[in-house]
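**Q** Residue numbers (our numbering), protein chains in the order written: chain E, 120 to 442; chain R, 6 to 117.
No residue lacks a Cβ here, since even glycine has one placed at the ideal position from N, Cα and C.
#1: If we count the other Cβ atoms within 10 Å of its Cβ and call it buried at 16 or more, is residue 101 of chain R buried or exposed?
#2: So that I know if they touch, is there some Cβ in chain E lying closer than 9 Å to that of residue 51 of chain R?
#3: Roughly how many angstroms separate the alpha carbons of residue 83 of chain R and residue 268 of chain E, rounded to a whole number?
#4: Please report the straight-line C-alpha distance between residue 307 of chain E and residue 204 of chain E, rounded to a whole angstrom.
#5: With 8 Å as the limit, tell me which residues of the segment 293 to 304 of chain E have their beta carbon closer than that to any beta carbon of chain R; keep them in chain order.
#6: Do we get a CB-CB distance below 9 Å when we pair residue 97 of chain R with the residues of chain E?
#7: With 9 Å as the threshold, decide whether the Cβ of residue 79 of chain R is near any Cβ in chain E.
#8: In chain E, which residues lie less than 8 Å from residue 61 of chain R when you measure between Cβ atoms?
#9: Could you name the residues of the same chain whose beta carbon sits closer than 8 Å to that of residue 192 of chain E, not counting the 5 residues immediately before and after it, in chain order?
#10: When you compare only the Cα positions, how much space is there between residue 371 of chain E and residue 185 of chain E?
#11: Within the chosen definition, does the segment 243 to 251 of chain E reach the segment 68 to 85 of chain R through at least 3 CB pairs nearer than 8 Å?
#12: Among E:397, E:239 and E:291, which one has its Cα closest to the Cα of residue 221 of chain E?
#13: Return the chain-ordered list of same chain residues with a C-beta closer than 6 Å to the C-beta of residue 260 of chain E, the five sequence neighbours on each side being excluded.
#14: Would you say residue 412 of chain E faces chain A, with C-beta separation under 9 Å as the test?
#15: Using 8 Å as the Cβ pair cut-off and three pairs as the minimum, do the segment 287 to 294 of chain E and the segment 193 to 202 of chain E touch?
#16: Could you please tell me which residues of the segment 367 to 390 of chain E, in chain order, have their CB closer than 8 Å to any CB of chain R?
#17: What does the alpha-carbon distance come out to for the pair residue 337 of chain E and residue 435 of chain E?
#18: Exposed or buried, what is residue 51 of chain R when buried is set at 16 or more other beta-carbons lying within 10 Å of its beta-carbon?
#19: Quick one: give me the first and last residue of the alpha helix (DSSP H) that residue 95 of chain R is part of.
#20: Going by beta carbon distance, what residues of the same chain come within less than 7 Å of residue 152 of chain E, once the five residues before and after it are set aside?
#21: For the alpha helix (DSSP H) containing residue 374 of chain E, list its first residue and its last residue.
#22: Please name the residue in E:128, E:390 and E:366 whose C-alpha comes closest to that of residue 149 of chain E.
#23: Beta-carbon within less than 6 Å of residue 258 of chain E's beta-carbon, same chain only, minus the 5 sequence neighbours each way: which residues are those?
#24: Using the rule of at least 16 other Cβ atoms within 10 Å of the residue's Cβ for burial, across every protein chain shown, is residue 379 of chain E buried or exposed?
#25: Could you check which residue in E:197, E:367, E:420 and E:340 has the C-alpha nearest to that of residue 286 of chain E?
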């Protein structure tokens, strides 16, 4: 074999190895069975228990809270779907992604540029931001889309049009932000392209659904960037494959730190390890225009609750053969 | 004097009668003023976050009365105030501010 042929074969072998490695990394196989749907409630309408564009969903203290955005309310249910109460969002607001912790419900009101905190019986306890006025100063919002509560009670807000995630103290003081106010970034870490939701793990790690970058970004409790995933190099590439996204609209942390992402335009929920390794995917496929899985919440027993936007329903999912 | 009283009474009655004739006319329901409608086409309007963003920006334009987004058909319908028109430059700017590109828009009749 002459020298040129040896180099050629060597290069081909390297390409094959790289291809196999990339294939495993970028097209991972599922290692868990898909969850099965065990329940559903709702339907289109304005009556109690019905929805018009349900978006966010949160689970806390045995209650499921649902952002019923076009009915300008949050509805609260038992885990099996029995209607308990409706919380009106002031000024015909549109609640988007929710958080629930310590008996309180936190709502990102996209329409009125504020974040609302309600007691378990539906009283408005606190408002972050200035209702009805968008802004880009620290502590102000421009269409907040998602909210989370950290282990110390700090509030994290996905500030959609400001291209940032803000961390606020429980009293509303601005603490810090990730992202560059009003500026989009597509490939580098720490930049966002319309952040839609945020979740905080028990260790304080912050998970951001970086919506139109089709990726998840993770930051440590001290603010450092840790990792990102979603397609090759998590570089603003969208697709239908395992581990890729087409507009992640919600993120939630489950038992043992599992990360659940509502991958809306793929009509599915994807489940990952905290490090971003793909585990499984499941969801309701919609035959027709519009998409289904938009919001996601996980109960302490591992049951997953999702909002099906186009069918105006809540869906309940469980792992096959256990949690 | 009697003749004068009689003439006054005649004029008064005629006035009242005229009023009785004209009152129902003035109380008749006004003809609804037609409200111009426009259909706005934007690509990738599937997620509610972008749809509401466009709705929010368009609803703040001058002359806009109501904006409705249909996620199934990916169209935005804009209802204007009576006599108002939607201007191309303003629509393009609002859609761009919402993070999207305007594919086009056209008048879609009127609504009463």
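**A** The relevant details are as follows:
#1: On the second chain, position 96 is the one that residue 101 of chain R refers to. Burial call: exposed.
#2: Taking the second chain and counting its residues from 1, the one referred to as residue 51 of chain R is at position 46. Yes, because at least one Cβ of chain E sits closer than 9 Å to the Cβ of residue 51 of chain R.
#3: Within the second chain, residue 83 of chain R is the residue found at index 78, counting from 1. Within the first chain, residue 268 of chain E is the residue found at index 149, counting from 1. Roughly 37 Å between the two C-alpha positions.
#4: Residue numbering aside, residue 307 of chain E sits at position 188 when the first chain is read from its first letter. Residue numbering aside, residue 204 of chain E sits at position 85 when the first chain is read from its first letter. Rounded to the nearest angstrom, the two C-alpha atoms are 44 Å apart.
#5: none
#6: Against the second chain, residue 97 of chain R aligns to sequence position 92. It does not: the Cβ of residue 97 of chain R has no partner Cβ on chain E nearer than 9 Å.
#7: The residue given as residue 79 of chain R occupies position 74 in the second chain. At least one chain E Cβ lies under 9 Å of residue 79 of chain R.
#8: Position 56 of the second chain, counting from 1, holds the residue named residue 61 of chain R. Near residue 61 of chain R (Cβ distances below 8 Å), the residues of chain E are 229, 230 and 262.
#9: As a position in the first chain, residue 192 of chain E is number 73, starting the count at 1. These residues qualify, in order along the chain: 205, 206, 207, 208 and 214.
#10: As a working note, residue 371 of chain E is residue 252 in the first chain. As a working note, residue 185 of chain E is residue 66 in the first chain. In a straight line, the C-alpha of residue 371 of chain E is about 14 Å away from that of residue 185 of chain E.
#11: no
#12: As a position in the first chain, residue 221 of chain E is number 102, starting the count at 1. Cα-wise, what sits closest to residue 221 of chain E is E:239.
#13: Here the question's residue 260 of chain E lines up with position 141 in the first chain. These residues qualify, in order along the chain: 232, 248 and 278.
#14: Any reference to chain A falls outside this structure, whose protein chains are E and R.
#15: no
#16: 368, 383 and 384
#17: Taking the first chain and counting its residues from 1, one reaches residue 337 of chain E at position 218. Taking the first chain and counting its residues from 1, one reaches residue 435 of chain E at position 316. Those two C-alpha atoms are separated by around 27 Å.
#18: The residue you call residue 51 of chain R lines up with position 46 of the second chain. With 16 or more Cβ atoms within 10 Å of its Cβ, residue 51 of chain R is classed as buried.
#19: Locating residue 95 of chain R in the second chain gives position 90, where the first residue counts as 1. Residue 95 of chain R -> alpha helix (DSSP H) spans 93 to 102.
#20: Position 33 of the first chain, counting from 1, holds the residue named residue 152 of chain E. If we look at residue 152 of chain E and ignore the five residues flanking it on each side, its Cβ neighbours are 399 and 439.
#21: Here residue 374 of chain E is taken as the residue at index 255 of the first chain, counted from 1. Run containing residue 374 of chain E: none; DSSP gives neither H nor E here.
#22: The residue labelled residue 149 of chain E in the question sits at position 30 within the first chain. Residue 149 of chain E has its Cα closest to that of E:390, out of E:128, E:390 and E:366.
#23: As a working note, residue 258 of chain E is residue 139 in the first chain. Same-chain partners within the cutoff: 293.
#24: Along the first chain, read from residue 1 onward, the residue named residue 379 of chain E stands at position 260. Buried: at least 16 other Cβ atoms inside 10 Å.
#25: To locate residue 286 of chain E, count along the first chain from 1; it is residue 167. The candidate whose alpha carbon is nearest that of residue 286 of chain E is E:340.
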